[in-house]
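Working notes, structure below.
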Amino acid sequence: MKTWRRHTLTGYSWLMLVFLYLPIAILVLYSFNDSRINATWNGFTWKWYVSLFDNRQVMQALTNSLSIGVISSVLATVLGTAASLAIKHYSLRWRNIVNGLIYLPIVIPEIMMGLALLVLFSQAHIELGKWTLIMAHVTFSMPYVMVIISARLADMGKELEEAAQDLGATPWETLRHVTLPLIMPGIVAGFLMSFTLSLDDFIISFFVAGPNSTTLPLYIYGLVKRGVSPEVNALSTLLIVSTVLLVIIAELFRRKDSKNGQIHF
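In this text, residue positions in the sequence shown follow our numbering: the first is 31, and each later residue adds one.
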């Protein structure tokens, strides 16, 4: 009976993996198809990737995505780190309520958040463009940074900080030489996660993007409306690969952070 259950669970797990990743594998495969029609396979080619990088609109969308991702990730990491440190070191009367409000963007539907930000920018008479995208991306990615850093701060305890202060270190010296080095892998992982979320976001960006601030997901959506072409497959493949690499790097930093009780720089 136990063997039957084990085989059933194993088969079900493989079936779910195939269901989840087979469409992605087909998309990647047909990005190398020599035919413009995805229904037939005419041979292997790199020409869709070459034509993709020769497309000025694609390069502009890529530049927008990278610049928005870097700026929003830096801001989200700085603000998320500061907020996590404040929540840990200062007694807040309504700590649980504050935590709930901070993490709210993680659980609410993206379409509601995008609509809410659009209304906010409209009421504040802020022109939609690159900076509204940056503010929106900071809003939904900062809670993820806080989750990662808060977990590290909770595991770290207060002993090392208290020992540094007992030895004469000022609060700033304790933060600079003890706290930040210990949570640095968490900070890096939070930055990479924030950048990944910014690079992949479509729904919120769709609401708050201006006419001259098209990102890669928005550009892909525009191409799909005119029909799926091998260039769309190639662009989607590159986006998938970059996302997977960033997630792997972020996970490696997170695991390093969880295994090492103390990290020296």
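The beta-carbon is built from N, C-alpha and C at its ideal position, and this holds for glycine as well. Fair warning: this is a prediction, and the values are worked out from it, not measured in the lab.
From what residue to what residue does the alpha helix (DSSP H) around residue i run?
i, result
"residue 230", "210-230"
"residue 196", "189-196"
"residue 166", "160-186"
"residue 94", "86-119"
"residue 78", "77-83"
"residue 154", "Per DSSP, residue 154 belongs to no alpha helix (DSSP H) and is neither H nor E."
"residue 134", "134-137"
"residue 204", "201-204"
Between the options, which lies nearest to residue i when the distance is taken from Cα to Cα?
i, options, result
"residue 92", "133, 269, 186", "269"
"residue 235", "108, 106, 167", "167"
"residue 170", "276, 154, 99, 216", "99"
"residue 129", "197, 180, 97, 90", "180"
"residue 191", "185, 201, 184", "201"
"residue 132", "198, 37, 175, 280", "175"
"residue 195", "36, 185, 207", "207"
"residue 260", "38, 72, 127", "72"
"residue 70", "80, 79, 77, 59", "59"
"residue 160", "104, 245, 64", "245"
"residue 173", "55, 109, 242", "109"
"residue 61", "90, 262, 49", "262"
"residue 211", "67, 81, 111, 155", "111"
"residue 271", "205, 127, 230, 242", "230"
"residue 278", "45, 222, 186", "222"
"residue 215", "280, 151, 273, 247", "280"
"residue 113", "40, 274, 177", "177"
"residue 186", "39, 199, 209", "209"
To the nearest whole angstrom, what separates the beta carbons of residue i and residue j, a pair I think is in contact under 8 Å?
i, j, result
"residue 226", "residue 57", "Incorrect: roughly 19 Å between the Cβ atoms, too far for contact."
"residue 147", "residue 232", "Wrong, their Cβ atoms sit about 14 Å apart, outside the cutoff."
"residue 107", "residue 217", "6 Å"
"residue 158", "residue 240", "4 Å"
"residue 87", "residue 249", "7 Å"
"residue 95", "residue 164", "The Cβ separation is near 12 Å, so there is no contact."
"residue 118", "residue 183", "5 Å"
"residue 79", "residue 264", "5 Å"
"residue 135", "residue 142", "About 10 Å; that fails the 8 Å criterion."
> What runs of the alpha helix (DSSP H), each 4 residues or longer, lie entirely inside the region 228-255?
Replying inline: 233-238, 246-255
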